[in-house]
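Since the structure comes first, as structure tokens, the remarks are kept for the end.
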DNA sequence: CGGCAAGTTGAGCCAGGTCAACTCCGGTGG
DNA sequence: CCACCGGAGTTGACCTGGCTCAACTTGCCG
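Chains as they are written, first to last, in the working numbering: chain D, 5 to 259; chain G, 5 to 259.
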């Protein structure tokens, strides 16, 4: 079979159209089979992938949008333990029983529930595809590890700075643009970083006051001073900038 | 080749002798080749896997001991972002360049630097071995995600309770024993949980005062009341126990 | 047995959580 | 087209969990 016979539902999907992602690595017949046996799904903010459904369809690939893994504490406190985006493949085989968090959409999410059997077969046989999903899982793991490090000891402002860089790194066309897309709401951001929405708000304000960033809207951010933001993210929260006469910028530390 | 020809260095290694771990899934010739091309290493507390060495040997398998991934902030604050133990395979291919943390031993660690080439070949061809490392990486990812959730919103006492369960789950012979081995020092524990050693100490004391645990030594813990500890870990930090006349224990909430 | 790092205890303080009031904004219906 | 509504975001005032610093005890290793 040729790729000309790609199913309609796959043509538009980033997992197929982006050459770095999983489905683009499949041979025509593999893609065909996987497509036939899998199911796409659109979610909107607040929708949850139910435990029941995850038992039948434990492998989920994200085409677009942001899906969160949330943990709920007894007294109602929530945390967002991880964010999954375009290209992420979430493999929940055999763990729906454990006390895993719920998968909840933070906006419009389009995803594909992959057939476990076909997925397994492809993983065994298609080395290219195997490498892609291995890379993706490693990414997820290291992202989570980094995130743990971020929220463990960093202060609010530092966490936020780190998050801005995380968004920048995950941006589709990395493109070094200073414009960073913030794909989640303030409220979700707070839960992801382990802080209060009020604190998030205050920290954004602080960054703007120091002229390090500029927020044209709630979902976009322009970084005006990358090095300073980077230093804040790395734990030098008191840095500021100091323009030297010849126009160069020098990073100084207050106090 | 038969497994009788297993190299001496592999005979004692848990990766080979534990039937759930990677090397036990290898065919005789695969094990032989991997063994020949790989290098074992013993570390003691404080030893670091240098970036240089990780470029040549980016894949590391832990035989025993606890290896930490540490992030260092500019002003000296440290965090332990992840703990790796027996059976974990750490794949750092192509990421030494990024701002990854350092791999530092928290005690005596024995590990094996796997040959990248042989590892890759095995991953492509040996489905059983492939499944084992895929499982392991998923475990690492979900552990990190859970940990993120734990430290994001939980209070000190709750974090500690969660950590005790994490230790219990990772224990070799899970065996439902109430004796939990705490494989890291208080100081490291504090850095892993994002708190101060003083706070860790106070929290242990609190758990003992409430008669939920008992600490025969710094590295061992007896859980006297699993359900209450579980509830604390889940966010009900004010629970206590209340013995009913007939001997059953009922979990109640203070206040 | 001495020396040093790890762990503990106590007292004081501050970053950020909490609570309440308010504004902003997008969607909905008349 | 505007009035209304509800959730999201912001702002201010206050309060507390846990960080900080310093002094002390314990445990381990040579």
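Backbone N, C-alpha and C fix where the C-beta goes; we use that ideal spot for every residue, glycine too.
Residue 132(D): not part of any beta strand (DSSP E); member of the alpha helix (DSSP H) spanning 131-157, first to last residue.
When Cβ-Cβ separations below 9 angstroms define contact, residue 119(G) makes no contact with chain D. By the CB criterion at 9 angstroms, residue 148(G) and residue 151(D) fall inside the cutoff. Between the C-alpha atoms of residue 66(G) and residue 104(D) there is a straight-line separation of about 26 angstroms.
Note that the segment 80-100 of chain G touches the segment 191-211 of chain G; at least 3 beta-carbon pairs, one per stretch, sit closer than 8 angstroms.
In the three-state reduction of the DSSP assignment, residue 126(D) falls in the helix class, which pools H, G and I. Given a length threshold of 3 residues, each whole run of the beta strand (DSSP E) inside the segment 22-57 of chain G is given here in chain order: 43-47.
DSSP, reduced to helix, strand and coil, places residue 12(D) within a helical segment of the structure shown. The beta-carbon of residue 170(D) is placed no less than 9 angstroms from the nearest beta-carbon of chain G. Among the CB atoms of chain G, one or more fall inside 9 angstroms of the CB of residue 104(D). Remark: C-beta atoms of residue 91(G) and residue 167(G) do not approach each other more closely than 9 angstroms. Residue 191(D) and residue 109(D) have their C-alpha atoms some 13 angstroms from each other.
Here residue 117(G) carries a strand assignment [DSSP, helix/strand/coil]. When the alpha-carbon of residue 200(G) is set against those of 173(G), 211(G), 81(G), the nearest one is in 81(G). Of all residues in the segment 123-138 of chain D, only 127, 128, 131, 134, 138 place a beta-carbon less than 8 angstroms from a beta-carbon of chain G. One thing to note: residue 38(D) has its Cβ no nearer than 9 angstroms to the Cβ of residue 141(D).
At a beta-carbon threshold of 7 angstroms, the residues of chain G lying near residue 83(D) are 153, 156, 157, ordered along the chain. In its chain, beyond the 5 residues on either side, 190, 193, 194 have a beta carbon closer than 6 angstroms to the beta carbon of residue 204(D). In the DSSP annotation of this structure, residue 161(G) is not part of any beta strand (DSSP E); the continuous alpha helix (DSSP H) holding it starts and ends at 160-174.
73, 75, 77, 78, 79, 81, 83, 85, 86, 95: these are the residues of the segment 64-97 of chain G whose beta carbon lies less than 7 angstroms from some beta carbon of chain D, given in chain order.
Here DSSP, grouped into helix, strand and coil, assigns residue 217(D) to strand. Residue 73(G) is bridged by DSSP to 86(G), 107(G). Annotated as proximal: residue 185(G) and residue 224(G), with beta-carbon spacing under 9 angstroms. With 16 or more neighbouring CB atoms inside 10 Å of its own CB, residue 157(D) falls in the buried class. At least 9 angstroms separates the CB of residue 53(D) from every CB of chain G. Residue burial is scored here from C-beta neighbours: residue 94(G) has at least 16 other C-beta atoms within 10 angstroms and is therefore classed as buried. In the three-state scheme derived from DSSP, where H, G and I count as helix and E and B as strand, residue 64(G) is classed as strand. Beta-bridge pairing by DSSP links residue 183(D) to 226(D). The shortest CA-to-CA distance from residue 32(G) to any of 52(G), 134(G), 202(G), 10(G) is the one to 10(G). Listed along chain D, the residues sitting closer than 8 angstroms to residue 141(G) by beta-carbon distance are 138, 141, 142, 145. Annotated three-state conformation of residue 95(D) is strand, per DSSP. Contact annotation: residue 213(G) and residue 130(G) have beta-carbon atoms that are not nearer than 9 angstroms.
Straight-line measurement puts the Cα of residue 34(G) at about 39 angstroms from the Cα of residue 107(D). Under a 10 Å Cβ-count criterion, residue 121(D) is classified as exposed, with fewer than 16 other Cβ atoms of the shown protein chains found around its own Cβ.
Excluding sequence positions up to five before and after residue 132(D), its CB lies within less than 7 angstroms of the CB of 29, all in the same chain and listed in chain order.
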